[in-house]
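Some notes on the structure that comes next.
In my numbering, the protein residues as written are 33 to 242.
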């Protein structure tokens, strides 16, 4: 049975420009110091993991995270298609009326990015990695709160604009530019993203072996 995490694993090599086998569930990422250094994970200190100190997000956040977001809302082929969508069903951003990146959407992409680079083989239902001891719940909350609190900062706005221009390149720029000013408000698309994940599972279940 396909899963959203499998979809991300299948494109992670392209996103990070690394060997695809590094992101298989069975690969021993803990033995690969290069990968561990990318997230700053140290064995035995996973409980103290601070996502804001993870090297992978400096300065590569807008490079990598935006591709995870695009896969989430546009399907796994969207990062290969110049138009952002290679045909078939409508991209999920159209189905769920997504027009701009929000703190929750960005936090979700960063959380999944850290997970794929971590020693963990499965995303934990408890929210804490079985091997890494990383609290993915804390990672999500930390990133989301950072973007909420710093949303108006020019540097953050530049990052978000870069993400929007890439993820929502098919949408009228005035539409998502206008939404930028409201994206840090109380309404977020995190719930919609959960539906997107579930839909991706169904959408890609017949194509995983292709």
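Note that CB positions come from ideal geometry on N, CA and C, so glycine has one too.
Start and end residues, alpha helix (DSSP H) containing residue i
{"i": "residue 181", "result": "168-181"}
{"i": "residue 78", "result": "Unbroken run through residue 78: none, as it is neither H nor E."}
{"i": "residue 197", "result": "186-199"}
{"i": "residue 143", "result": "135-149"}
{"i": "residue 71", "result": "65-71"}
Whole-Å CB distance - residue i paired with residue j, under 8 Å assumed
{"i": "residue 98", "j": "residue 171", "result": "With 8 Å as the limit, residue 98 and residue 171 do not qualify as a contact, their Cβ atoms being about 18 Å apart."}
{"i": "residue 100", "j": "residue 58", "result": "Between residue 58 and residue 100 the Cβ distance is about 21 Å, and since that is not below 8 Å, they are no contact."}
Neighbourhood of residue i by C-beta, 6 Å cutoff - its chain only, sequence neighbours within 5 removed
{"i": "residue 151", "result": "61, 62, 163, 164"}
{"i": "residue 149", "result": "67, 70, 71"}
{"i": "residue 112", "result": "none"}
For residue j and residue i, the rounded distance between their alpha carbons
{"i": "residue 65", "j": "residue 181", "result": "33 Å"}
{"i": "residue 132", "j": "residue 102", "result": "11 Å"}
{"i": "residue 37", "j": "residue 186", "result": "33 Å"}
{"i": "residue 47", "j": "residue 76", "result": "28 Å"}
{"i": "residue 95", "j": "residue 194", "result": "9 Å"}
{"i": "residue 87", "j": "residue 126", "result": "33 Å"}
{"i": "residue 78", "j": "residue 129", "result": "37 Å"}
{"i": "residue 52", "j": "residue 42", "result": "7 Å"}
{"i": "residue 80", "j": "residue 179", "result": "21 Å"}
{"i": "residue 108", "j": "residue 177", "result": "28 Å"}
{"i": "residue 201", "j": "residue 90", "result": "24 Å"}
{"i": "residue 188", "j": "residue 136", "result": "14 Å"}
{"i": "residue 166", "j": "residue 54", "result": "19 Å"}
{"i": "residue 190", "j": "residue 175", "result": "16 Å"}
{"i": "residue 183", "j": "residue 153", "result": "33 Å"}
{"i": "residue 50", "j": "residue 82", "result": "24 Å"}
Cutoff 8 Å; reference residue i; Cβ partners in own chain excluding five residues on either side
{"i": "residue 74", "result": "68"}
{"i": "residue 173", "result": "139"}
{"i": "residue 168", "result": "143, 146, 147, 155, 156, 159, 160, 161"}
Assigned exposure category for residue i - 16 Cβ within 10 Å defines buried
{"i": "residue 110", "result": "buried"}
{"i": "residue 196", "result": "buried"}
{"i": "residue 84", "result": "exposed"}
{"i": "residue 44", "result": "buried"}
Beta-carbon contacts of residue i that lie in its chain and below 7 Å, excluding the five residues immediately before and after
{"i": "residue 56", "result": "41"}
Cβ-heavy atom distance, residue i to the ligand FAD, below 7 Å
{"i": "residue 133", "result": "Looking for the ligand FAD in the displayed structure turns up nothing, as the structure carries no ligands at all."}
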